[in-house]
DNA sequence: TAAAAAAGAATGAACATTCATTTTTAGTAT
DNA sequence: ATACTAAAAATGAATGTTCATTCTTTTTTA
């Protein structure tokens, strides 16, 4: 009797193809047949790995989000002082968005449309907890403004998404100087 | 011979229905038949007003974007001092996003997905010129940081979109205090 | 060699768009 | 005012295509 061991490479290729096609054509113009073709797989094979199209896109979302937050918090631990901790996280996030453009674009699209179902969205949110904790600590120490975490996020982290999208569209080139400026703006807007 | 004068109300109903359905279901789950039904019109009638589905969504985008910028610059004129001018524009934009939630959500979705074609996107960008001019003037006067307008936009205007989306998803309630905080954060991040 | 994995072709539903008719509109004649 | 008419506007019912998903068969694996 053979073991149940589906090829992980095939699954990865499917995930990759989904990200690429949804980025370039949008969810509405990404048929399963195209995903299969780009992953060098039969359309039927997709259904060995995922229940259906919605399940596919949900799972891709959650996995990319998990990779994103893992990357963001890689060098962070909660005994680091608030200001330094924030800098570490912010710069890792910037790094991710500049290096893993495909993944980051995919997240931006999912976060601004109803293509992901509510449960998966919630699931994705959980991973941000360390940042919320950091801000809580910062507020207690009087280093961070006493604002809702949504405001803090809106003004310090989220602008990176906008910059990445503009960069990706070729509207402007984001260089290292820009990034330092951006970091200063981010910090200025949340520090007390 | 009758005059060519198609009912403007019908067209408006179609635009409104498109915005509503795309917001709630996404472009991929918004068939022409549903748009027609919501607008109390036959599917065939849509084609009297628009060439096809792509043309419909492009035109809706451009019109909403035009309404948005008209609203934003309503009380502004370029002889107003930079700091005050920025405040006026920022607060009008915040107003728009809080009052015209449907329109603002639609723009957010279009600006983060490939559902709009490139030409329409460019068209939409043009309308922001007065704000770019204001920043240019502010930089010359040494009031605004010498940053790329994309950075300025990312840190002062764009966060409002994030806040609106969160508010719309019921994640938190954006009140007048929040808004004043948000305005201060916006200004802090771009003023010299 | 038997079960798992994969494949290609088939199925049926959903959809954008068009077609053939009907209804409305507004100018004109009575 | 009223009736007439021709074009415009609108419609509901096709049409043909695209697509997600399933079915049957083949290939791979252990």
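Residue numbers (UniProt numbering), protein chains in the order written: chain Y, 1 to 192; chain R, 1 to 192. The beta-carbon is built from N, C-alpha and C at its ideal position, and this holds for glycine as well.
Leaving out five residues before and five after residue i in sequence, what residues of the same chain have Cβ atoms less than 7 Å from its Cβ?
i, result
"residue 32/R", "43, 46, 53"
"residue 93/R", "72, 157, 160"
"residue 172/Y", "166"
"residue 95/R", "none"
Along chain R, in chain order, which residues have C-beta atoms closer than 8 Å to that of residue i?
i, result
"residue 189/Y", "155, 185, 186, 188, 189"
"residue 171/Y", "150"
"residue 108/Y", "112"
"residue 26/Y", "27, 28, 113, 114, 115"
Please report how far the alpha carbon of residue i lies from the alpha carbon of residue j, in whole angstroms.
i, j, result
"residue 4/R", "residue 158/Y", "Confidence in residue 4/R is poor, its pLDDT being 48 and thus under 50, which makes the residue's placement unreliable; the coordinate value appears in the next sentence. Cα to Cα, residue 4/R sits roughly 48 Å from residue 158/Y."
"residue 131/R", "residue 76/R", "10 Å"
"residue 90/R", "residue 83/R", "11 Å"
"residue 97/Y", "residue 10/R", "43 Å"
"residue 51/R", "residue 8/Y", "45 Å"
"residue 106/Y", "residue 17/R", "27 Å"
"residue 79/Y", "residue 133/Y", "12 Å"
"residue 140/R", "residue 147/R", "12 Å"
"residue 41/R", "residue 69/R", "30 Å"
"residue 137/Y", "residue 145/Y", "11 Å"
"residue 120/R", "residue 179/Y", "29 Å"
"residue 85/Y", "residue 189/R", "20 Å"
"residue 151/R", "residue 37/Y", "39 Å"
"residue 176/R", "residue 166/Y", "30 Å"
"residue 135/R", "residue 35/Y", "44 Å"
"residue 115/Y", "residue 26/Y", "10 Å"
"residue 174/R", "residue 163/R", "8 Å"
"residue 2/R", "residue 118/R", "Its pLDDT being 33, under 50, residue 2/R is placed unreliably in this model, and the coordinates cannot settle the point."
"residue 154/Y", "residue 155/R", "9 Å"
"residue 61/Y", "residue 23/Y", "12 Å"
"residue 30/Y", "residue 21/Y", "6 Å"
"residue 81/R", "residue 122/Y", "44 Å"
"residue 110/Y", "residue 67/Y", "15 Å"
"residue 170/Y", "residue 129/R", "19 Å"
"residue 181/R", "residue 181/Y", "22 Å"
Starting from the beta carbon of residue i, find every residue of chain Y whose beta carbon is closer than 8 Å, and list them in chain order.
i, result
"residue 18/R", "Chain Y residues near residue 18/R: none, gap ~14 Å exceeds 8 Å."
"residue 241/R", "Because chain R here runs from 1 to 192, residue 241/R falls outside it and cannot be looked at."
Just to make sure I have the definition right: I need the residues of chain R whose C-beta is within less than 9 Å of the C-beta of residue i. Which are they?
i, result
"residue 52/Y", "Within 9 Å Cβ-Cβ: nothing; residue 52/Y doesn't reach chain R, min ~14 Å."
"residue 196/Y", "Residue 196/Y lies beyond the residue range present for chain Y, which begins at 1 and ends at 192; the question has no answer from this structure."
Going by beta carbon distance, what residues of the same chain come within less than 8 Å of residue i, once the five residues before and after it are set aside?
i, result
"residue 28/R", "none"
"residue 87/Y", "183, 187"
"residue 168/Y", "101, 105"
"residue 63/R", "15"
"residue 185/Y", "159"
Since I believe residue j is in contact with residue i (beta carbons under 8 Å), could you give me their beta-carbon distance rounded to a whole number of angstroms?
i, j, result
"residue 65/Y", "residue 127/Y", "6 Å"
"residue 108/R", "residue 112/Y", "5 Å"
"residue 39/R", "residue 14/R", "5 Å"
"residue 74/R", "residue 48/R", "Not confirmed; about 33 Å, so no contact."
"residue 192/Y", "residue 124/Y", "At roughly 30 Å, the Cβ-Cβ gap does not stay under 8 Å, so residue 192/Y and residue 124/Y are not in contact."
Leaving out five residues on either side along the sequence, give the residues of the same chain with a beta carbon under 6 Å from the beta carbon of residue i.
i, result
"residue 19/Y", "102, 106"
"residue 100/R", "none"
"residue 149/Y", "132, 135"
Note down, in chain order, every chain R residue with its Cβ under 7 Å from the Cβ of residue i.
i, result
"residue 158/Y", "159, 162"
Run through chain Y and tell me which residues come within less than 9 Å of residue i, C-beta to C-beta.
i, result
"residue 147/R", "178, 181, 182, 185"
Run the proximity test for residue i: is its beta-carbon closer than 6 Å to any non-hydrogen atom belonging to the ligand SAM?
i, result
"residue 113/Y", "What this structure holds is no ligand at all, so the ligand SAM is not there to describe."
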